[in-house]
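>
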Amino acid sequence: MDSSEMNSMHWASVDVGNGVRLRYAVGGTGPKNILLIHGYPETAIAWRRIVGPLMESGYRVIAPDFRGAGGSTRPADGYDKAQMARDCFAVLQDAEIEVPTFLVGHDIGMMVAYAFARQFPESTKALAVLDAPLPGTQVFDHVSLDDKRVWHFHFHQAPDIPEALTAGKEAFYLERFWHDLAYDAGAIDLTTKRHYLESFSGPGGMRAGFQLYRAFAQDAAFNRTQLAEHGKTDVPVLAVAGESSAFAPVMERMMKEVAKSVKFVCLARAGHWLAEENPAGLVEALLNFDRAN
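Each residue of the sequence shown is one higher than the one before, counting from 75 in this note's numbering.
1. Below 8 Å, how does it come out for the segment 181 to 191 and the segment 213 to 222: are there three or more Cβ pairs, yes or no?
2. With a threshold of 6 Å on Cβ separation, who are the neighbours of residue 368 within its own chain once the five nearest residues in sequence on each side are excluded?
3. Does the segment 290 to 306 come close enough to the segment 236 to 255 that 3 or more CB-CB pairs lie under 8 Å?
4. Hey, how far is the Cα of residue 266 from the Cα of residue 119?
5. Leaving out the 5 sequence neighbours to the left and right, which residues in its chain are closer than 7 Å to residue 173 when beta-carbon positions are compared?
6. Just to confirm the assignment, what range does the alpha helix (DSSP H) spanning residue 28 have?
7. Would you call the segment 82 to 98 in contact with the segment 322 to 342, where contact means no fewer than 3 C-beta pairs closer than 8 Å?
8. Decide yes or no for the touch test of the segment 311 to 320 against the segment 197 to 206: beta carbon pairs closer than 8 Å, at least 3 of them.
9. Let me know if residue 104 comes out buried or exposed under the rule of 16 or more other beta-carbons within 10 Å of its beta-carbon.
10. With a cut-off of 8 Å on the beta carbons, I'd call residue 165 and residue 136 a contact; round off their distance for me.
11. Just the C-alpha distance for residue 317 and residue 342, rounded to the nearest angstrom, thanks.
12. Once DSSP output is grouped into helix, strand and coil, what is the label at residue 274?
13. Under a three-way DSSP split, which group does residue 141 fall into?
14. So, for residue 231: in the same chain, excluding its five sequence neighbours on each side, which residues have a beta-carbon less than 6 Å away from its beta-carbon?
15. Tell me whether residue 299 is buried or exposed, calling it buried when 16 or more other Cβ atoms sit within 10 Å of its Cβ.
16. In the DSSP assignment, the beta strand (DSSP E) including residue 228 goes from what residue to what residue?
17. Go to residue 101, then tell me how far its alpha helix (DSSP H) extends in each direction, as first and last residue.
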């Protein structure tokens with residue numbers, strides 16, 4: 075695993091309940107704090123190219139492997155994003171972070187970060203959501219109809235079938251995501267891909283990944299209830315997409331459905347894998363937004 079750019083970080087793990095442990099990396103001295111939540115099919119090392127610049131910019135960086143991924147436990151359930159957000163809150167407590175934190179979530183991680191901001195607004199300084207649709211929004215409902223773009227949303231939710239059809243073919247299956255959703259298909263190096271494959275090819279790994287999608291109906295219900303009962307979130311939101319991403323035209327409109335203050339940034343030379351394809355551009359967008367809030 076080429077995690078050389080994260081080798082100055084300390085790795086730890088925390089029991090988040092029900093026998094589930096989350097592994098996480100923490101580095102930097104602050105005084106600011108930033109929590110990075112990766113997407114699928116990735117682990118915390120997806121952030122390897124931005125953790126150094128963030129620490130150099132005065133952040134204490136916390137980057138967990140969320141449940142089911144990397145060095146974290148792969149339970150049978152608990153993949154609704156509200157629960158995964160509570161997992162992340164436990165990580166911050168274990169890391170002794172007691173002040174509001176800048177949350178950054180990519181792909182599935184952006185759904186977790188949003189659920190965190192809803193449940194723990196007093197612990198959320200600002201929120202950055204990177205290139206994914208949010209269940210429970212009108213944009214998500216519309217995007218879900220695009221069988222060419224998000225066919226996997228539906229495939230992953232089928233019981234048993236995706237596990238059976240991808241068994242022994244994990245590399246062939248997962249490569250499709252890294253290649254087809256990229257502006258620069260070479261941005262995720264072979265060593266990193268091998269690390270991801272090792273994670274998701276292990277016992278329960280593919281099932282855990284599919285469970286993330288099987289929880290979408292539960293996620294949508296949670297998000298709709300939050301909006302109906304509490305209105306749009308007061309937490310300032312940065313929405314980011316890559317120039318070649320299909321989500322670029324809808325990210326700003328989608329987040330304005332659920333948040334009062336939204337800034338949108340479209341990153342050049344990037345598709346879906348923002349932290350790996352254009353890390354410098356992403357860091358600049360995050361720093362500029364956090365300084366303004």
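Heads up, the beta-carbon is just placed ideally off N, CA and C, and yes, glycines get one too.
So, from the data block:
1. These segments do not touch.
2. Any answer about residue 368 is impossible in this case: the structure gives the chain only from 75 up to 367.
3. Judged by pairs of C-beta atoms under 8 Å, the segment 236 to 255 does not touch the segment 290 to 306, as fewer than three such pairs exist.
4. Here the alpha carbons of residue 119 and residue 266 stand approximately 8 Å from one another.
5. Excluding sequence neighbours, residue 173 sits near 107.
6. No information on residue 28 is available, as it lies outside the stretch 75 to 367 that the chain covers here.
7. No, the segment 82 to 98 does not touch the segment 322 to 342.
8. Between the segment 311 to 320 and the segment 197 to 206, the count of C-beta pairs closer than 8 Å reaches three or more; the two stretches touch.
9. Result: exposed.
10. Residue 136 and residue 165 do touch by the CB rule: their CB atoms are close to 6 Å apart, below 8 Å.
11. Roughly 5 Å between the two C-alpha positions.
12. Residue 274 carries a helical assignment under DSSP once its states are collapsed to helix, strand and coil.
13. In this structure, residue 141 counts as coil in the three-state DSSP scheme.
14. Result list for residue 231: 287 and 288, in chain order.
15. So residue 299 counts as exposed.
16. Careful: residue 228 lies outside any beta strand (DSSP E), inside the alpha helix (DSSP H) at 221 to 231.
17. Counting along the chain, no alpha helix (DSSP H) covers residue 101; the unbroken beta strand (DSSP E) around it starts and ends at 94 to 101.
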